[in-house]
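Participant: At position 107 of the sequence shown (counting the first as 1) the number is 737 in this note's numbering, and the numbers step up by one without a gap. Following this message is one structure expressed as structure tokens.
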Amino acid sequence: MGSAATGQALSEALGLALPGSALVPEPLTKLLRYARAAGKQILRLLAEDLTPRRILTREAFENAIIIHSAIGGSTNALLHLPVIAQEAGVEITIDDFDRIHRQVPVLANVKTTGRYPVDYFWYAGGVPAVMLELRDLLHLDCVTVTGKTVGENLEEIEHSKFFMRERLGHLSNYGIARDEIIRPRNDPFGTDGGLAILRGNIAPDGAMVKTFSVPKEMHVHTGPARVFEDEPDAIDALIERRIRPGDVMVIRYEGPRANGMPEMYFAAAILSADPELNHTTAIVTDGRYSGAMKGPCIGHVAPEALDGGPITLVEENDLIELNVPERRLAIVGINGRPRSEDEVTEILAQRRDRWSPRPSRHTRGILSLYEQVASSASHGASLLGNGAAAPAHSPTTRA
């Protein structure tokens, strides 16, 4: 359930794709049939003047976030959906994700965190099967590209042969039960929702963690900071075995404006592959991850380091607390010793006085332009416009 697969599922959940069309396995002729049906439906939509703005309501975005939680979708949705909503004149924030994900369990037992390939998800019923399982949570009166509402689409699917023939028949060939791939609501794959938004003195504007992929023993964790100014340095430390169980790796200056917010894939992959570190050690970064990541990885820390966000004040051996149930990410100790909140605040203020802005990494080209106009990760890391919050170039203001 990477970013591309997540995008297909969310398109269907938003009402912008024909029911059942998301994630059709590539070899099936069904894919061509859906393509032809989509082309014909576009002509009907033009005739009826049913435009995306009529479909993309706040309720439609809430439906998409519900499905995002249920499928354990990519963390990149935190960047994409708010900005799509912004273009449609709807305000969706990271707090909407946190609120909805608290209520919706993960039902999809799909790789990389789960067991089955994503094409098996389609054979098990795909997005319609998940929507039927969560029908009481959805806004059923949202209009879709079929010209019918979400509720009408689901009613039609439920009483059709939609789930028969090549779908469930394929799974039966392998002796796999549908409920093993799309789990029933009373026996979910992940009970705590897809992701959580954390805040604290490191991330006052928020950070995200893919909750259900984090080992339970790491949902509450405090460990010493190991600080890196970019991902390559962090990768070297992992390869050279300089990271110890319990450490909290802090990778900064990888945010939207500092470096275009690249995916911290390799550091996370090395960590998750290490049997000693993958359930004891965390990564905290102002960079991003994707649907392919798993393990105790916290990303999207905002404000980012280049804007003088508090992540830039973290020093070696600061004690970093990760507390998923309380949605907290904070420095709770200095030089390996616990300190009170007031003491930590005072020490961070002293570090702020000594801090100076870092030179831009990109002085030419598209990333240089993006650095000048990008918004915070908490606002989708988008090009500014339509009310997105501008990055404050004063580090004092950002902190």
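Positions of the beta carbon are idealized from the N, C-alpha and C atoms, including for glycine.
Whole angstroms is fine: what's the gap from proline 1025's alpha carbon to phenylalanine 896's?
Facilitator: Working through the sequence shown from its first residue, we reach residue 1025 at position 395. Working through the sequence shown from its first residue, we reach residue 896 at position 266. Low confidence applies here, because proline 1025 scores a pLDDT of 40, under 50, leaving its location unreliable and the question unanswered by this model.
Participant: Excluding the five sequence neighbours on either side, which residues of its own chain have a C-beta within less than 7 Å of the C-beta of leucine 708, listed in chain order?
Facilitator: Along the sequence shown, one-based indexing puts residue 708 at 78. Correct list, in chain order: Ile724, Phe727, Met838 and His930.
Participant: Buried or exposed for lysine 924, going by 16 or more other Cβ atoms inside 10 Å?
Facilitator: Residue 924 sits at position 294 when you count from the first residue of the sequence shown. Buried.
Participant: Between the stretch 668–677 and the stretch 883–897, can you find at least three pairs of beta-carbon atoms closer than 8 Å?
Facilitator: Short answer: they don't touch.
Participant: Answer yes or no: do valine 720 and leucine 770 have a C-beta to C-beta separation smaller than 8 Å?
Facilitator: By one-based count along the sequence shown, residue 720 stands at place 90. By one-based count along the sequence shown, residue 770 stands at place 140. Not a contact, by the Cβ cut-off of 8 Å.
Participant: In terms of residue numbering, what span does the alpha helix (DSSP H) encompassing serine 951 cover?
Facilitator: One-based indexing of the sequence shown puts residue 951 at position 321. Looking at the sequence shown, residue 951 is not serine but glutamate. Note, glutamate 951: premise wrong, no alpha helix (DSSP H); beta strand (DSSP E) at 949–953.
Participant: Have a look at Glu951, Gly966, Ala898 and Gly885 and flag the residue whose alpha-carbon is nearest the alpha-carbon of threonine 942.
Facilitator: The residue you call residue 942 lines up with position 312 of the sequence shown. Of the listed residues, the one whose Cα sits closest to threonine 942 is Gly885.
Participant: Would you decide whether serine 681 is buried or exposed? Buried here means 16 or more other CB atoms lie within 10 Å of its CB.
Facilitator: If you number the sequence shown from 1, residue 681 lands on position 51. It should be noted that the sequence gives threonine, not serine, for residue 681. Exposed is the call here.
Participant: What residue from Gly966, Pro989, Tyr746 and Ala759 has the CA that sits closest to valine 878's CA?
Facilitator: For the purposes of this step, residue 878 is identified with residue 248 of the sequence shown, where counting begins at 1. Comparing Cα-Cα distances from valine 878 to each of Gly966, Pro989, Tyr746 and Ala759, the minimum goes to Gly966.
Participant: Give the C-beta separation of alanine 826 and threonine 841 to the nearest angstrom, bearing in mind that I take them to be a contact with Cβ-Cβ under 8 Å.
Facilitator: Here residue 826 corresponds to residue number 196 of the sequence shown, with the count starting at 1. Here residue 841 corresponds to residue number 211 of the sequence shown, with the count starting at 1. About 5 Å separates the two Cβ atoms, so the contact holds.
Participant: Less than 7 Å between C-beta atoms, sequence neighbours within five positions excluded: which residues of the same chain meet that for alanine 652?
Facilitator: Here residue 652 refers to the residue found at position 22 of the sequence shown. Excluding residues within five positions, the ones whose Cβ falls inside 7 Å are Gln638, Ala639, Ser641, Glu642, Gly756 and Val757.
Participant: Across the stretch 795–807 and the stretch 686–700, are there enough close Cβ pairs to call them in contact, namely three or more that are closer than 8 Å?
Facilitator: Flag = no, the stretch 795–807 and the stretch 686–700 do not touch.
Participant: Could you check whether methionine 631 and isoleucine 701 sit closer than 8 Å to each other, using their CB atoms as the reference points?
Facilitator: Indexing the sequence shown from 1 puts residue 701 at position 71. Indexing the sequence shown from 1 puts residue 631 at position 1. Against a cut-off of 8 Å, the Cβ pair of methionine 631 and isoleucine 701 comes out as a contact.
Participant: Look at the Cβ atom of proline 649, then the Cβ atom of tryptophan 752, and state whether they are nearer than 8 Å.
Facilitator: Taking the first residue of the sequence shown as 1, we reach residue 649 at position 19. Taking the first residue of the sequence shown as 1, we reach residue 752 at position 122. No. Outside cutoff.
Participant: Tell me, please, whether the stretch 900–918 touches the stretch 844–856 by the rule of three or more beta-carbon pairs shorter than 8 Å.
Facilitator: These segments touch.
Participant: Do you know offhand how far serine 902's Cα is from glutamate 951's?
Facilitator: Numbered from its first residue, the sequence shown carries residue 902 at position 272. Numbered from its first residue, the sequence shown carries residue 951 at position 321. About 20 Å.
Participant: Straight-line CA distance for glycine 995 to glutamine 1002?
Facilitator: On the sequence shown, residue 995 is found 365 positions in, with the first residue counted as 1. On the sequence shown, residue 1002 is found 372 positions in, with the first residue counted as 1. Looking at the two C-alpha atoms, the distance is approximately 12 Å.
Participant: Could you tell me if arginine 874 is buried or exposed, where buried requires 16 or more neighbouring beta carbons within 10 angstroms of its beta carbon?
Facilitator: Along the sequence shown, read from residue 1 onward, the residue named residue 874 stands at position 244. That one is exposed.
Participant: What are the residues that DSSP puts in a beta bridge with alanine 837?
Facilitator: Along the sequence shown, read from residue 1 onward, the residue named residue 837 stands at position 207. Answer is Leu828, bridged to alanine 837.
Participant: Please classify alanine 1019 as buried or exposed, where buried requires at least 16 other C-beta atoms within 10 Å of its C-beta.
Facilitator: Within the sequence shown, residue 1019 is the residue found at index 389, counting from 1. Residue placement at alanine 1019 cannot be trusted, given a pLDDT of 43 that sits under 50; what the coordinates show is reported in the next sentence. With fewer than 16 Cβ atoms within 10 Å of its Cβ, alanine 1019 is classed as exposed.
Participant: Three Cβ pairs or more, each shorter than 8 Å: is that satisfied between the stretch 728–740 and the stretch 816–833?
Facilitator: Touching, yes, given that three or more Cβ pairs across the two stretches are closer than 8 Å.
Participant: For a test of the three-state rule: what should DSSP assign to isoleucine 696, helix, strand or coil?
Facilitator: Numbered from its first residue, the sequence shown carries residue 696 at position 66. If DSSP states are grouped into helix, strand and coil, isoleucine 696 belongs with the helices.
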